[in-house]
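Enquirer: Take this structure, written in structure tokens, and hold onto it; I'll ask about it next.
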Amino acid sequence: LIVDLVIIYRTHGANPPVAYEAIWATPNHFSANLNHSGLHNHEMYLCIRRGRDKPPITDIDVLLEAREETMDNFSVIETTPHGYPASICNSFFSKERTLITYRRAALTILCNTLTVTDVCVIIESKV
């Protein structure tokens with residue numbers, strides 16, 4: 023079960039935190055850089071941690087901050103583990119933040135609760 027998500031800023035030399043696995047490549051073997059279209063070429067990657075020490079993640083979403091509001095019970099990844107902004111798809115032309123959000127299951131879950139068990143990154147322009 024996936025219980026934690028973080029974004030790492032590879033451009034600043036960040037590696038996945040201990041016990042996390044980075045999503046380095048798409049299913050088609052392209053780079054899974056979440057900032058692939060950014061002009062600054064900052065490399066940002068999603069990392070996951072599997073475990074049973076906390077309720078699992080049930081939903082993952084992308085939030086366009088200026089156009090949408092965070093859905094109820096969703097957490098927002100605003101910074102990397104090293105304190106850098108975790109906004110993906112940065113551009114010179116827009117100050118709009120694009121953020122990864124997620125929802126965690128309740129502390130007591132039913133055995134048939136759907137949870138996130140794996141993650142892949144799809145780069146639409148590379149499909």
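Numbering (my numbering), first residue to last: 23 to 149. Ideal Cβ positions, reconstructed from N, Cα and C, are used throughout, including at glycine.
1) What does the alpha-carbon distance come out to for the pair G35 and T130?
2) So what does DSSP say about E146, is it helix, strand or coil?
3) Starting from the C-beta of E43, find all residues in its chain whose C-beta is less than 7 Å away, skip the five residues before and the five after it, and write them out in chain order.
4) Just to confirm, are V141 and I30 a CB contact at a threshold of 8 Å?
5) Let me confirm a value: H104 is counted as buried when at least 16 other C-beta atoms fall within 10 Å, else exposed. Which label applies?
6) List in chain order: all unbroken alpha helix (DSSP H) runs of 4+ residues lying wholly within the stretch 69-118.
7) Starting from L121, follow its DSSP beta bridges and name the residues at the other end.
8) Give the range of the beta strand (DSSP E) segment to which Y31 is assigned.
9) For E146 and L56, I'd like the C-alpha separation in whole angstroms.
10) Hey, L121 and I99: beta-carbon distance below 8 Å or not?
11) DSSP has A47 in a bridge; who is on the other side?
Expert: Straight from the coordinates:
1) Position 13 of the sequence shown holds residue 35. Position 108 of the sequence shown holds residue 130. Straight-line Cα distance between these residues: approximately 38 Å.
2) Counting from one through the sequence shown, the residue named residue 146 turns up at place 124. Helix, per DSSP.
3) Position 21 of the sequence shown, counted from the first residue, corresponds to residue 43. Cβ neighbours of E43 beyond the five flanking positions: C69 and I70.
4) The count along the sequence shown starts at 1 and reaches residue 141 at position 119. The count along the sequence shown starts at 1 and reaches residue 30 at position 8. Taking 8 Å as the Cβ cut-off, V141 and I30 do not qualify as a contacting pair.
5) For the purposes of this step, residue 104 is taken as residue 82 along the sequence shown, with counting starting at 1. The residue is exposed, with fewer than 16 neighbouring Cβ atoms inside 10 Å.
6) You should have found no qualifying run.
7) Position 99 of the sequence shown, counting from 1, holds the residue named residue 121. Under DSSP, L121 takes part in a beta bridge, and its partners are L85.
8) For the purposes of this step, residue 31 is taken as the residue at position 9 of the sequence shown. Y31 -> beta strand (DSSP E) spans I24 to Y31.
9) Start at 1 with the first residue of the sequence shown, and residue 146 comes out as number 124. Start at 1 with the first residue of the sequence shown, and residue 56 comes out as number 34. C-alpha separation (whole angstroms): 11 Å.
10) As a first step, residue 121 is located in the sequence shown; it is residue number 99 there, counting from the start. As a first step, residue 99 is located in the sequence shown; it is residue number 77 there, counting from the start. Yes, they are a contact pair.
11) Your numbering for residue 47 matches position 25 in the sequence shown. Bridge partners of A47 according to DSSP: S53.
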